[in-house]
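Okay, so here's the structure we're looking at.
Okay, structure coming up:
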């Protein structure tokens, strides 16, 4: 800019351009402020602009929202009540009451995993089934070797031979 450019009209035009630029900067600053987290300190550019800007007409500002509360700590869900059954005999009795036909050790173990959310070893389940067989709670339907193994069934309910009075 030279001395000949310092006329009133050119200065008015320069002032209009500067005010327009300042208005664009204020709008951009408001837009950036709206999308930045509230805990982030102001950037150096916004600090300089707010310190150097003359008190002009108030630019539209977005409302300041309160900070969101911190997330609650993770609390694991409570364990299934059947998880507390540590005695394999009790758990196997509960499982066997759900079977209607023959069943093997694999069937019992699969149901223990799904219903009790626990895993008992093969020998533990086999010993429980053997104990229940000796007590007469279950019957050996078919003796098997290998993967198929023995097949068990529940005894049929006792039929009463009494004739009820009429």
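Residue numbers (my numbering): 448 to 613.
The beta carbon of each residue, even a glycine, is placed where N, CA and C say it ideally should be.
Keep in mind the model is a prediction, meaning the values are calculated, not measured.
Coarse secondary structure for residue i, derived from DSSP in three states
i	result
residue 521	coil
residue 486	Reliability of the predicted coordinates at residue 486 is poor, the pLDDT of 46 falling under 50, and no value is obtained from them.
residue 453	coil
residue 469	helix
residue 515	coil
residue 481	helix
residue 474	helix
residue 462	helix
residue 612	coil
Cβ pair residue i, residue j closer than 9 Å
i	j	result
residue 563	residue 541	yes
residue 592	residue 572	no
residue 522	residue 539	no
residue 574	residue 535	yes
residue 610	residue 579	no
Expected contact under 8 Å - CB spacing of residue i and residue j to nearest Å
i	j	result
residue 567	residue 559	6 Å
residue 602	residue 586	5 Å
residue 598	residue 589	4 Å
Ordered list of alpha helix (DSSP H) runs contained in the stretch 533-605, each at least 4 residues: 535-543, 552-563 and 569-582
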